[in-house]
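Written below as C-alpha cells is the structure these notes are about.
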Amino acid sequence: MTTGTHSTTAAGVARPGGPGPLADRTVSRVGYGAMQLERVREGRAAAVALVRRAVELGVDHIDTAQFYGDSLSNEVLREALRPEDGVVVVSKVGATPDPGGPRPMRSAQRPEELRASVEDNLKSLGVDCVPVVNLRRMDTGPGLRPEGDQVVALDDQLAVMTAMRDEGKIGAIGLSSVSAEVLRRALPAGIACVQNSYSLVAREDEEILALCAEQGVAWVPYFPLGSAFPGFPKVTDEPAVLAAAQSLGLSPSQVGLAWLLHHSPNVLLIPGTADAGHLEANVAAGAVAFDDATLAALDAVPSRSQDVPLG
C-alpha cells in the first residue's frame, strides 16, 4: 500500500488499490458503481447499508446517474453519505429515465437536456455542486446511439457543460463513450476522466487509455469484466484468468479487476454490486499482486471488439 498523506481516506481507512487522482482530488483507486443499488433485494435500508459498508472499506469514489433506477441510486446516496466521508460522487448526463419506453432510458443529448439533467442530479443528491459530471456522448461502445435531434455537436455540449462548471453546479467535466478524436477535441475544455467500456477482453480503446495517461486524465472503465450484454466475451470465462484465480486463491472477477489496476496507473475502478460479500471481494482486488509470468499470461489474452450499438 502506498504510504503518505493520501494513503488513507478522510475517515482514516487505507485506500483500496492505493491513491489515484480524480479532478483536483485524491481518491481510492477501487471505487463503487451505484447502478446496482436498485437490485438490492432487501430494500432501501439495505441499499443504504451497502453504501455505508463501501465507505467503511475505504471507498471514496462513487459513480451514479439520475437515470439509474429513475433517481433511486442518487436518493440512496443522499441518505447514505455524510460530508465527513469525503466521498467524490461522479454522475453523468446524456440520457434520461424512460420508464414507459422500450428501454429504461433514452438519449438526452441536447444542451437544454444536459442542463436539466444536472439540475435533477443536484436535487436528488441534495447538493449544490456535483463534484464530477460525465457527458455520455454515445459515440462508441455497446448501448444507445443518438438519432435525429439527439445528434448534437460536441462544441455545443461542452459550451453548456463549461457554463455549468463556471456557475458552480459542476466541479469538473468528464466524458463517457467517446472516441479518441472526440477526446482530443474536448481536452482544451479541461477533462477530468473518461468512462468507456474496457476490460481485459475488450481493449480496443488502448489508444484512448494511453492519451488519458499522457494528459493526466483518469480512466474509469465500465463493463470492467466484459459486457453485460448477451453474446459478448466475459473476462471470467478466460482460461488465463481462471488459471490465475486458481493459483492465487482468488475469484476470476478479482483477477480481472486487479489486472486493470496493474495495466495503467491512471485506472480507477467502479465495480457495481448489490451484494455485500461481492463488494468486499471487489475492494480486496485492490491488494492483489501478480508475478511477471501471471501478468504476461493475462496480457496475452486477445481483445474482442464490443463496439456495436445494442437495444
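The numbering of the sequence shown is full-length UniProt numbering, which starts it at 1 and goes up by one. Ideal Cβ positions, reconstructed from N, Cα and C, are used throughout, including at glycine.
Check each candidate in the options and name the one with the smallest Cα separation from residue i.
i, options, result
"A293", "W259, A218, M138", "W259"
"E79", "R52, R145, R185", "R52"
"A285", "D275, A210, P271, L114", "P271"
"residue 319", "V132, V194, L50", "Because the chain is modelled from 1 through 311, residue 319 falls outside the range shown and cannot be assessed."
"M105", "D70, D128, R137", "D70"
"A95", "L81, A289, A65, S197", "A65"
"P99", "Y68, V48, R44, A54", "Y68"
"D166", "V130, T140, S199, M138", "V130"
"N134", "P97, V87, I191, P102", "I191"
"R39", "H6, P21, G12, V76", "V76"
"L125", "L298, K169, C193", "K169"
"V217", "T273, L22, R15, G12", "L22"
"V288", "A116, P302, A244", "A244"
"P102", "L144, A300, V194", "L144"
"D155", "W219, V255, L257, Q109", "Q109"
"R304", "S197, G18, V27, V220", "S197"
"E238", "V201, Q254, A116, G277", "V201"
"M35", "V220, A274, A172", "A274"
"G231", "Y32, G31, P142, A116", "P142"
"L234", "P302, L295, V59", "Here residue 234 is Lys; the residue named in the question, Leu, does not match the sequence. When only C-alpha atoms are compared, the closest one is P302."
"A276", "L57, G17, S28", "L57"
"V279", "A47, D24, G20, T26", "Per the sequence shown, the amino acid found at residue 279 is Leu instead of Val. When each option's Cα is compared against that of L279, the closest is A47."
Give the DSSP-derived three-state secondary structure of residue i in the structure shown.
i, result
"V225", "Note on residue identity: the sequence assigns Leu, not Val, to residue 225. L225: coil per DSSP, three-state reduction."
"L81", "coil"
"A218", "strand"
"R25", "strand"
"A10", "coil"
"L269", "strand"
"A202", "strand"
"P19", "strand"
"G100", "coil"
"V288", "coil"
"V76", "helix"
"G249", "coil"
"L298", "helix"
"K169", "coil"
"M1", "Residue placement at M1 is flagged as unreliable, the pLDDT there being 28, under the threshold of 50; a coordinate-derived value is accordingly withheld."
"A186", "helix"
"C212", "helix"
"A244", "helix"
"S124", "helix"
"L114", "helix"
"L279", "helix"
"V151", "coil"
"L57", "coil"
"E38", "helix"
"R44", "helix"
Taking DSSP's pairing of strands, which residues face residue i in a bridge?
i, result
"D63", "G33, V90"
"K234", "G226"
"G174", "N134"
"V194", "L175, W219"
"S107", "A95"
With hydrogens ignored, establish whether the beta-carbon of residue i is closer than 6 angstroms to any heavy atom of the ligand HEM.
i, result
"G286", "By its list of ligands, the structure shown contains no ligand whatsoever, and the ligand HEM lies outside what it can speak to."
Determine contact between the region 218-233 and the region 243-250, defined as no fewer than three beta-carbon pairs at a distance below 8 angstroms. no
Is the region 260-272 touching the region 171-180 in the sense that three or more CB pairs, one from each, lie closer than 8 angstroms? no
Quick check: the region 119-126 against the region 79-93, are there 3 or more CB pairs under 8 angstroms? yes
At a cut of 8 angstroms, does the region 156-167 reach the region 203-211 through at least three beta carbon pairs? no
Answer yes if the region 146-153 comes into contact with the region 181-197, meaning at least three C-beta pairs across the two stretches below 8 angstroms, and no otherwise. no
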